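Asker: Our numbering puts the first residue of the sequence shown at 6, with every later residue one more than the last.
Here a beta-carbon is modelled for each residue, glycine too, at the ideal position from N, C-alpha and C.
Note that this is a predicted model, so its numbers are computed, not measured.
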Amino acid sequence: MLGFELCFNGAVRTVGELIEAGARRLPRRDSLPDPRRESRWLLSRAAGVTEAWLLLHGDAALPQDVTARYLEWLVRRAAGEPAHHLTGSCDFFGREFEVSPAVLVPRPETELVVAAALELPLAEGARVLDVGTGSGCIAVTLAAERPSWSVTATDRSLAALELARRNALGHGVGVALACGDLGSCLFGGYGLIVANLPYIPSGQLASLPVEVRHDPVAALDGGGDGLDLVRALLADLPRLLSPGGSAVLELGDDQADAASAIAAMHGLAVAKRVRDLGGCERVMVLERRL
6 MLGFELCFNG AVRTVGELIE AGARRLPRRD SLPDPRRESR WLLSRAAGVT EAWLLLHGDA
66 ALPQDVTARY LEWLVRRAAG EPAHHLTGSC DFFGREFEVS PAVLVPRPET ELVVAAALEL
126 PLAEGARVLD VGTGSGCIAV TLAAERPSWS VTATDRSLAA LELARRNALG HGVGVALACG
186 DLGSCLFGGY GLIVANLPYI PSGQLASLPV EVRHDPVAAL DGGGDGLDLV RALLADLPRL
246 LSPGGSAVLE LGDDQADAAS AIAAMHGLAV AKRVRDLGGC ERVMVLERRL
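1. By the DSSP assignment, the alpha helix (DSSP H) with residue 234 in it spans what residues?
2. Is residue 192 buried or exposed, if buried means 16 or more other CB atoms sit within 10 Å of its CB?
3. To which residues of the same chain is residue 102 closer than 6 angstroms at the C-beta, ignoring the five residues directly before and after it?
4. State yes or no: is the C-beta of residue 144 within less than 7 angstroms of the C-beta of residue 156?
5. Could you tell me the alpha carbon to alpha carbon distance between residue 150 and residue 18, rounded to whole angstroms?
6. For residue 220, count the other beta carbons within 10 Å of its own beta carbon; 16 or more makes it buried, fewer makes it exposed. Which is it?
7. I'd like the list of long-range same chain contacts for residue 5, defined as Cβ closer than 7 angstroms, with 5 residues on each side in sequence excluded.
8. In this structure, how does DSSP classify residue 3 when only helix, strand and coil are distinguished?
9. Since residue 136 contacts residue 188 with CB under 8 angstroms, what's their CB separation in whole angstroms?
10. Measuring only the C-alpha atoms, how far is residue 244 from residue 294?
11. Whole-angstrom Cβ separation of residue 202 and residue 184, contact assumed at under 8 angstroms?
12. Would you call the region 281-292 and the region 244-254 in contact, with 3 or more CB pairs under 8 angstroms?
13. Which term fits residue 264, buried or exposed, when burial requires 16 or more other beta carbons within 10 angstroms of its beta carbon?
14. Cα separation between residue 236 and residue 73?
15. Determine the direct distance from the alpha carbon of residue 130 to that of residue 212, and round the result to whole angstroms.
16. Would you check if the distance between the CB atom of residue 278 and the CB atom of residue 261 is smaller than 7 angstroms?
17. Quickly, what does DSSP pair residue 199 with across the bridge? List them, please.
18. Give the straight-line distance between the Cα atoms of residue 43 and residue 272, rounded to the nearest whole angstrom.
19. Have a look at residue 114 and residue 268 and give me their C-alpha separation to the nearest angstrom.
20. Going straight from the alpha carbon of residue 132 to that of residue 125, what length do you get?
21. Confirm, please, whether the CB-CB distance from residue 195 to residue 246 is below 7 angstroms.
22. Got a sec? Which residues, its chain only, sit under 8 angstroms from residue 46 by beta carbon, not counting five neighbours each side?
23. DSSP beta-bridge partners for residue 158?
24. Using only the alpha-carbon positions, how far apart do residue 230 and residue 259 sit?
25. What is the rounded straight-line gap between the Cα of residue 169 and the Cα of residue 228?
26. Since residue 207 contacts residue 186 with CB under 8 angstroms, what's their CB separation in whole angstroms?
27. For residue 42, name the three-state secondary structure that DSSP assigns.
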């Protein structure tokens, strides 16, 4: 720990020394498998430079405010705070989004929802609804990728809606925002509905990685089997979707079969299941039968 304390006292200032000190400070765990890589990423964000620049300038000295910010982040990261909460931003589908402890940090798996939605043959001017938008990453990305679509997003959290509003403004897209539970505050007529709802079974919350447990419980807890909110949305999709409309939902491990059965009860047909890199059937594409 001596090397890390020297950092605080101003004795360690170069890029290489800071990265090494961070690698020693951060504990290796399943959710933090490479402390040196994590340290380099944090330092690049604190300094506002690329990781490539850091690798090429290992002997460079950094300003005191950058060093202080980086060292503070190391302490908080070691305690389990998500890296994206520290930096206040997260990459999603090639864009940078503002995030905060008020919303779920976007995961790479959720990009599969966007990819599946973009593959659908929606007409120009299609009405699209993102249910439980959180940071707005899905809604904003769809609006940016398909400017002709009319995108609406809902959330029951005012803090989340404010964050989604800022992200939409930051990316120069128009997204209509509505506060309410799922789609209950809206009329139907949507050609596409997308959703990444809470799907972690309540009994598994305590065993989640420490970083995930920093996300809002309301954005994680899906009830006893993890499908409470998914079940409620599926029941409402026949009202919300236009005839022939589609829905793209993100699901948890081993939930695809149960979700398919629930969807069938409401006249919804499974058009496609998409596996993530871990082999989980993570995304389901549904169609409203005519």
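Answerer: Straight from the coordinates:
1. 233-245
2. exposed
3. 95, 140, 142, 172
4. yes
5. 43 angstroms
6. buried
7. A query on residue 5 cannot be resolved here, the shown segment of the chain reaching from 6 to 295 and no further.
8. Summary: the structure shown does not reach residue 3, with the chain confined to residues 6 through 295, and so no result is reported for it.
9. 6 angstroms
10. 12 angstroms
11. Not quite, the Cβ-Cβ distance comes to about 16 angstroms (not below 8 angstroms), so this is no contact.
12. yes
13. buried
14. 47 angstroms
15. 44 angstroms
16. yes
17. 135, 253
18. 47 angstroms
19. 22 angstroms
20. 13 angstroms
21. yes
22. 56, 88
23. 135, 182
24. 11 angstroms
25. 25 angstroms
26. Between residue 186 and residue 207 the Cβ distance is about 18 angstroms, and since that is not below 8 angstroms, they are no contact.
27. helix
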